[in-house]
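In the working numbering, the protein residues as written are 24 to 505. For each residue, glycine too, the CB sits at the ideal point set by N, CA and C. Since the model is a prediction, treat every value here as computed from it, not as a measurement. Worksheet: one structure, shown below.
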């Protein structure tokens with residue numbers, strides 16, 4: 024039986040780690056006061072909290088390297104953190120860890136408009152990447168709902184998408200290269216400012232790895248020319264399943280909008296009260312945006328409208344101005360905040376085949392009745408990335424556990440119909456013990472073997488992604504071998 028570590032030993036260990044970190048970082052970049060470290064005790068999955076041992080805020084790749092080298096030598100786990108907007112507990116600390124935040128690393132390093140790329144430090148926020156290039160007629164395509172706050176570091180860790188990913192893809196489709204620091208402090212370069220790197224697709228391994236393999240400090244991102252124009256259309260329906268069938272028919276017809284967003288009545292009502300976007304009060308709402316020249320836009324919207332009319336919409340309204348378009352998108356971008364004013368909620372992100380939308384929406388409604396918890400649906404319908412918001416009362420005993428059980432059933436349903444557990448939020452702690460639903464033991468072992476190569480001591484972002492019993496067993500083996 025393992026004996027508990029005396030408090031005096033913990034205090035001494037913390038003091039030694041703090042002293043070493045202070046030797047390589049500015050004084051204000053090492054946060055160890057117990058009151059101040061509480062600011063890092065959770066991310067946007069606020070149901071779980073744990074204050075870290077220490078938090079550090081480096082300014083450069085070299086400082087990140089120094090921090091990781093020290094933590095590696097001391098055997099201290101490290102949890103990388105971008106802006107803390109993870110909805111899956113991806114940046115949740117452990118009590119013995121160092122939180123490594125990249126928020127101060129937000130510089131633009133290089134911009135090349137001829138070759139259409141920008142190189143940034145990964146603490147830079149998603150929206151500010153577009154802000155750095157838009158006056159030259161360019162933009163960065165991935166646009167998570169949290170883009171005003173979320174960092175490129177987190178986008179890479181979770182392979183984030185957004186409303187416009189239907190046409191432009193998610194982060195992995197717009198990431199060209201990274202500078203990454205390994206757990207022992209070694210700095211490596213993967214990919215770069217060119218179409219494709221030779222050899223193994225290590226960039227594909229890194230993007231979406233949730234901080235399990237290294238800390239990405241710099242990123243080369245693809246930037247695109249802004250389209251000539253864009254215009255959304257609002258389509259309201261009396262039934263969720265009918266709206267889902269409309270989405271499926273649009274995709275089957277070969278039309279490729281830049282975005283297809285779905286909201287149901289609970290989200291419509293909450294968002295309208297919050298943002299006053301002028302949404303119709305109906306059971307389901309689609310926001311479909313197309314882009315191109317005026318002629319292209321008119322042609323695409325005509326095709327979409329024809330398909331929508333076959334499903335008897337209660338409203339079909341095309342935007343007629345830039346102001347109206349901005350208002351439509353303001354409503355959608357405000358949906359999560361608007362729902363948060365109603366109640367506590369858990370936001371899922373299972374992904375399904377578009378053809379399964381009607382069936383899955385029906386089953387979610389049935390499960391809502393079974394569990395006695397309301398659900399608001401707002402999601403990227405074009406690529407089947409679901410975002411059910413399960414409402415619960417955090418102050419009511421047992422409600423969180425009921426919500427988690429309900430969420431697990433929804434995610435199992437996603438896998439059952441041929442989808443997957445996560446589209447862009449990541450696994451984190453939220454879905455780690457559901458990984459066996461999607462993957463066999465052999466699959467999971469293969470994934471953990473990759474982690475063994477990059478992080479042999481299993482010090483990076485502990486207790487995430489892999490089922491807890493499996494990851495703890497792996498960690499125990501490495502400790503025994505030391």
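Around the C-beta of residue 57, fewer than 16 other C-beta atoms lie within 10 Å, and the residue is accordingly described as exposed. For residue 211, the closest C-alpha among the options 202, 314, 266 is that of 202.
Apart from the 5 residues on each side of it in sequence, residue 205 sits with its Cβ closer than 6 Å to the Cβ of 237 in its chain, given in chain order.
8 Å or more divides the Cβ of residue 407 from the Cβ of residue 371. Under the three-state reduction of DSSP, residue 258 is assigned to strand.
DSSP places residue 437 within a helical segment (H, G or I) once states are collapsed to three. For residue 386, the enclosing alpha helix (DSSP H) starts and ends at 380-394.
A straight line joining the alpha-carbon of residue 414 with that of residue 445 spans about 19 Å. The way I'd put it, the stretch 334-354 does touch the stretch 302-313; three or more beta-carbon pairs between them come closer than 8 Å.
Rounded to whole angstroms, the gap between the alpha carbons of residue 342 and residue 257 is 8 Å. The Cβ-Cβ distance between residue 401 and residue 269 does not fall below 8 Å.
Residue 81 and residue 44 have their C-alpha atoms some 10 Å from each other. Using a Cβ distance threshold of 8 Å, residue 116 and residue 70 do not count as a contacting pair. In this structure the stretch 208-224 does not lie against the stretch 185-196, because fewer than three pairs of beta carbons, one per stretch, are closer than 8 Å. In this structure, residue 208 and residue 95 form a Cβ contact; the two beta carbons are roughly 7 Å apart against a cut-off of 8 Å. In the three-state reduction of the DSSP assignment, residue 363 falls in the helix class, which pools H, G and I. Residue 191: not part of any beta strand (DSSP E); member of the alpha helix (DSSP H) spanning 188-191, first to last residue. Annotation for residue 400: the continuous beta strand (DSSP E) segment containing it runs 398-403. Between residue 123 and residue 87, the gap from beta carbon to beta carbon is short of 8 Å. The Cβ-Cβ distance between residue 179 and residue 200 does not fall below 8 Å.
Taking 8 Å as the upper bound for CB-CB distance, residue 197 and residue 165 are in contact here, some 6 Å apart.
If you keep only unbroken alpha helix (DSSP H) runs of at least 4 residues inside the stretch 205-230, you get 225-229. Around the beta carbon of residue 136, a 10 Å sphere encloses fewer than 16 other beta carbons of the protein chains shown; the residue is thus reported as exposed.
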